[in-house]
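Taken in sequence, the protein lines are chains A and B.
If you're matching positions, the first sequence starts at 1 in UniProt numbering and goes up one per residue.
If you're matching positions, the second sequence starts at 1 in UniProt numbering and goes up one per residue.
Glycine included, each C-beta is placed from N, C-alpha and C at the ideal position.
See structure below.
There are 2 protein chains.
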Amino acid sequence: MIEPLIANLRARDTVSAREAQLLQSIIVRQRRFATDEDLVTEGSRPPYSTLLLDGIAARYRIVENGKRQITALHIAGDFVDLHAFPLKTMDHGIVALSPCLVAFADHGDLTRISENEPHLTRLLWLLTVIDGAIHREWIVAMGRRSKKSHLAHLFCELFARLKVVGRVSDDSFSFPLTQQELADALGISLVHLNKTLRLLRNENALQWTQRTVTVLNWERLEQIAEFDPGYLNLHVEPR
Amino acid sequence: MIEPLIANLRARDTVSAREAQLLQSIIVRQRRFATDEDLVTEGSRPPYSTLLLDGIAARYRIVENGKRQITALHIAGDFVDLHAFPLKTMDHGIVALSPCLVAFADHGDLTRISENEPHLTRLLWLLTVIDGAIHREWIVAMGRRSKKSHLAHLFCELFARLKVVGRVSDDSFSFPLTQQELADALGISLVHLNKTLRLLRNENALQWTQRTVTVLNWERLEQIAEFDPGYLNLHVEPR
DNA sequence: CGGCGGCTTGACACAGCTCAACGTCTGTGG
DNA sequence: CCACAGACGTTGAGCTGTGTCAAGCCGCCG
Numbered sequence: 001m002i003e004p005l006i007a008n009l010r011a012r013d014t015v016s017a018r019e020a021q022l023l024q025s026i027i028v029r030q031r032r033f034a035t036d037e038d039l040v041t042e043g044s045r046p047p048y049s050t051l052l053l054d055g056i057a058a059r060y061r062i063v064e065n066g067k068r069q070i071t072a073l074h075i076a077g078d079f080v081d082l083h084a085f086p087l088k089t090m091d092h093g094i095v096a097l098s099p100c101l102v103a104f105a106d107h108g109d110l111t112r113i114s115e116n117e118p119h120l121t122r123l124l125w126l127l128t129v130i131d132g133a134i135h136r137e138w139i140v141a142m143g144r145r146s147k148k149s150h151l152a153h154l155f156c157e158l159f160a161r162l163k164v165v166g167r168v169s170d171d172s173f174s175f176p177l178t179q180q181e182l183a184d185a186l187g188i189s190l191v192h193l194n195k196t197l198r199l200l201r202n203e204n205a206l207q208w209t210q211r212t213v214t215v216l217n218w219e220r221l222e223q224i225a226e227f228d229p230g231y232l233n234l235h236v237e238p239r
Numbered sequence: 001m002i003e004p005l006i007a008n009l010r011a012r013d014t015v016s017a018r019e020a021q022l023l024q025s026i027i028v029r030q031r032r033f034a035t036d037e038d039l040v041t042e043g044s045r046p047p048y049s050t051l052l053l054d055g056i057a058a059r060y061r062i063v064e065n066g067k068r069q070i071t072a073l074h075i076a077g078d079f080v081d082l083h084a085f086p087l088k089t090m091d092h093g094i095v096a097l098s099p100c101l102v103a104f105a106d107h108g109d110l111t112r113i114s115e116n117e118p119h120l121t122r123l124l125w126l127l128t129v130i131d132g133a134i135h136r137e138w139i140v141a142m143g144r145r146s147k148k149s150h151l152a153h154l155f156c157e158l159f160a161r162l163k164v165v166g167r168v169s170d171d172s173f174s175f176p177l178t179q180q181e182l183a184d185a186l187g188i189s190l191v192h193l194n195k196t197l198r199l200l201r202n203e204n205a206l207q208w209t210q211r212t213v214t215v216l217n218w219e220r221l222e223q224i225a226e227f228d229p230g231y232l233n234l235h236v237e238p239r
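Right, here's the structure in full:
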C-alpha cells in the first residue's frame, strides 16, 4: 500500500526490507478525500503526518485580497505535511485537487523512529529537504524565467516526479486540475495562463486534453524550461 | 562562539547545556569570507555544513539568460547549507553579501548526532524545515503580493529574524546590500526596486542609509506587508 | 434541454522592464 | 588634502508583459 513512498525513497538510497516493513507498520488509517476538500487546514496542529497514496494535492495560502497562491503540488508517494512533525503547527492548508487516497503516520511513531532508526530518520529528513529544493526551484522560476518557461518547467518537474512513482505511461499522465489551479501555482492570472498554455501547444511541446497531459516533444519542453532535474536528487547514494 | 545558533534553537525549544556543549564541540575551523566570495559553490559536495556566525549571505542560482535569483538570505545563527547533510550535493551556490564569519560542522559528526542524539537531530531537522517555511512565504510574496508589499515583507522578516539573534538595536540593523542584490532577491529589476523602495520611504515606514535599515513605523510596515510571523515558529515547544 | 463550470478570446489599462543619462559617495593615488 | 575613477543610486521615456473585464463557447450533468 505504501509502494509509492518506498519508490520515492529507493530512488534516493537503499531501503532495507526491515525499514520498509517498519514504515508500513506505522502508516495507518487509510482515508479518501473528495476534490476541493482540505486534507489539512491552515493553523491546525495535526498529531500525525499525511502520506498521499493517490491523487493530486496542493499546499496553498490565501492572502488578504482573496488571491490564492499554491506553494507546492503533491502526488502519490509524497508525505504532504511531514514538515509538521518538527514544526507542529501548519502554516498553510493542503487541499485535494482530485479525489485523493491518503494514510497517516502518528507523530508519536515518528518520534520513536527518530529515537531508534537513525538511517530511516535521515531518509525522512531527506524528503523534507527535497521539498525545500523544489521550493527554491519554484522561486527561481517565478523570479527569473518567462511564464512560458516557468510553465514548461512545472510540467517537466511533474513528469519526472510522476515517473519515479510509476504514474507515467506512454509519455502521458493524469492531470485533472483546472486552469485556475495551475494559474494559482504559477502566480499569474487565469487569462494569462490560458494564453501561455497556447504558446506551449503552438510549439507542439505538449497536449492537455481530457484531464491528461501528454508530452509530445520532451526535448523541446526541456529546452523551453531549461530543465535540469538535479534538484530532485534522483540518484541512489548513502544518506 | 556559536551563540547565535543556540539563540535560534532556544527561540523554538529548550536546549540542555549538554546539547549546547555537544554542538559547540562539533562546530570547528572558524573562517572569514570577503564580500562577493562564494561560501559554497553550486554542484559541490562539501563534507561539512556551514554555520554563519556573522554577516549576511545569500543562496542563489544563475539562469541561462544570465539573470540571478536569490532564493534565501541568511544571517548570523543560520546553518546555510545544513540541507546538504541529507542532500549531499549543493543545487545552488551561497555567496557572502558582506564580510562573513563562519564555522563548519563535519557531516561525519552530524551523522553521529543523528545516531545518538534524537532530540538534537530533530532540532537540526527543524532548522531545515523552517528554511522551507520561509521559502513558501517567499513564493506567496512573489506570486500574489504587490512588489511594495513583498519588499515590506522581506524587511519585516529580516527584522524579526535578526531580533532573535540580537542583531537589532534601536529598531535598526546593519544591511550592507546593494539595490541590485535586493532586486535579485525579489525577482525584479534594479530600476523597479529603486522605485518600490521610494514608495516605502514616502510612507515613512523605513529608512535605509549608510548600509543600515531603521524601521520608522513598524505598524505601517507590518500592515503594508500583511506580515504574520507565525511561519518563523518563534515560540518554545517540545519538538 | 437547460444551466453551470470551465475554457477561449479580444480590448484595454497598468505594472514592470530596458535603456540611457545623470547624480552621489567613497576609496585611492598624487 | 584634493582630484578623480568607479561603483552605486536615482530618474525619466518608451515599450512589453500581464492583469482585468467582458463576451462567447463548449461540454457535462441533472
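Cross-strand partners of residue i (DSSP beta bridge)
i	result
Val102 (chain B)	B:Arg31, B:Leu52
His74 (chain A)	A:Ala57
Phe173 (chain B)	B:Val213
Val40 (chain B)	B:Ile94
Ile62 (chain A)	A:Arg68
Residue i (DSSP reduced to helix, strand or coil)
i	result
Gln69 (chain B)	strand
Ala11 (chain A)	coil
residue 256 (chain A)	The structure shown does not extend to residue 256 (chain A), since chain A is modelled only from 1 through 239, so no value can be given for it.
Thr209 (chain A)	strand
Gly93 (chain A)	strand
Val168 (chain A)	coil
Ala20 (chain B)	helix
residue 301 (chain B)	A question about residue 301 (chain B) goes unanswered here, because the residues of chain B that appear run from 1 up to 239.
Glu181 (chain B)	helix
Gly230 (chain A)	helix
Ser25 (chain A)	helix
Ser189 (chain A)	coil
Asn194 (chain B)	helix
Ile113 (chain B)	helix
His119 (chain A)	helix
Ile2 (chain B)	coil
Asn202 (chain B)	helix
Phe107 (chain B)	Residue identity check: residue 107 (chain B) is His in the sequence provided, not Phe. It is helical.
Pro47 (chain A)	coil
Val236 (chain A)	coil
Neighbourhood of residue i by C-beta, 6 Å cutoff - its chain only, sequence neighbours within 5 removed
i	result
Phe173 (chain B)	Leu162, Arg167, Val213
Gln24 (chain A)	Ile2
Asp81 (chain A)	Val40, Ser49, Thr50
Arg61 (chain B)	Gln69, His92
Ala58 (chain B)	Ile70, Leu73, Val95, Leu97
Beta-carbon proximity check, residue i vs residue j, cutoff 8 Å
i	j	result
Val140 (chain B)	Val63 (chain A)	yes
Gly77 (chain A)	Val15 (chain A)	no
Leu73 (chain A)	Ile56 (chain A)	yes
Thr209 (chain A)	Gly132 (chain B)	no
Val102 (chain A)	Phe33 (chain A)	yes
Thr178 (chain A)	Ser98 (chain A)	no
Ile130 (chain B)	Asn194 (chain B)	no
Pro46 (chain B)	Ala105 (chain B)	no
Pro4 (chain A)	Leu53 (chain A)	yes
Tyr231 (chain A)	Asp91 (chain B)	yes
Lys148 (chain B)	Leu200 (chain B)	yes
Glu181 (chain B)	Ile70 (chain B)	yes
Arg239 (chain A)	Arg122 (chain A)	yes
Leu19 (chain B)	Leu120 (chain B)	The identity of residue 19 (chain B) in the sequence shown is Glu, whereas the question assumes Leu. Yes, the Cβ-Cβ distance between Glu19 (chain B) and Leu120 (chain B) is below 8 Å.
Arg136 (chain B)	Lys67 (chain A)	no
Thr89 (chain B)	Gly43 (chain B)	yes
Ile6 (chain A)	Asp109 (chain A)	no
Trp125 (chain A)	Trp125 (chain B)	yes
Same chain, Cβ closer than 8 Å to residue i, five either side skipped, listed in chain order
i	result
Ser189 (chain B)	Ala183
Met142 (chain B)	His150, Leu186, Gly187
Glu203 (chain B)	Asn217, Arg220, Ile224
Glu226 (chain B)	Arg145, Ser149, His153
Own chain, CB closer than 7 Å to residue i, minus 5 neighbours either side, in chain order
i	result
Leu221 (chain B)	Ala152, Phe155, Cys156, Ala205, Leu206, Val215
Leu9 (chain A)	Val15, Leu123
Val28 (chain B)	Ala103, Phe104
Which complete alpha helix (DSSP H) runs does the region 131–168 of chain B hold, if anything under 4 residues is left out? 147–164
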